[in-house]
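If you read the sequence shown in our numbering, its first letter stands for residue 2, the second for the next number, and so on. Working notes, beginning with the structure itself.
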Amino acid sequence: MTNQKVEDKKQKKYMTSREVAARFEVSIRTIVRWRGNPSNGMPEPVILASGSHNRYLTSEIDAWEDAAKNN
2 MTNQKVEDKK QKKYMTSREV AARFEVSIRT IVRWRGNPSN GMPEPVILAS GSHNRYLTSE
62 IDAWEDAAKN N
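Okay, here's the thing in structure tokens:
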């Protein structure tokens with residue numbers, strides 16, 4: 002991922018499951034598995050409105066990624 006793309010992702014307040022999957026170059030199914038395993042510490046998604054899709058706070062995804070890199 003280029004530096005510009007990383008900066009674009011960090012400026013967004015929320016990310017979709019598809020965007021998180023693309024960021025880590027995994028499938029959406031992998032995101033679902035990560036979310037279902039509490040021991041890995043993946044942030045919980047938020048629901049912004051009734052009937053809407055999962056959204057992840059970009060700041061929480063950034064922190065989770067940084068923590069994983071430091072372990």
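All residues carry an ideal CB built from backbone N, CA and C; glycine is no exception.
#### Entry: alpha helix (DSSP H) segments (min. 4 residues) lying fully within the stretch 29-62
29-37
### Task
Below 8 Å on the Cβ atoms is my guess for Pro44 versus Leu58; work out the distance and round it to an integer in Å.
7 Å
### Task
Leaving aside the five residues before and after Val47 along the sequence, list all residues of the same chain whose C-beta is less than 8 Å from its C-beta, in chain order.
Tyr15, Asn55, Arg56, Tyr57, Leu58
### Query
Going along the chain, which residues of its own chain have a beta-carbon closer than 8 Å to the beta-carbon of Ala22, five neighbours each way excluded?
Ser28, Ile29, Thr31, Ile32
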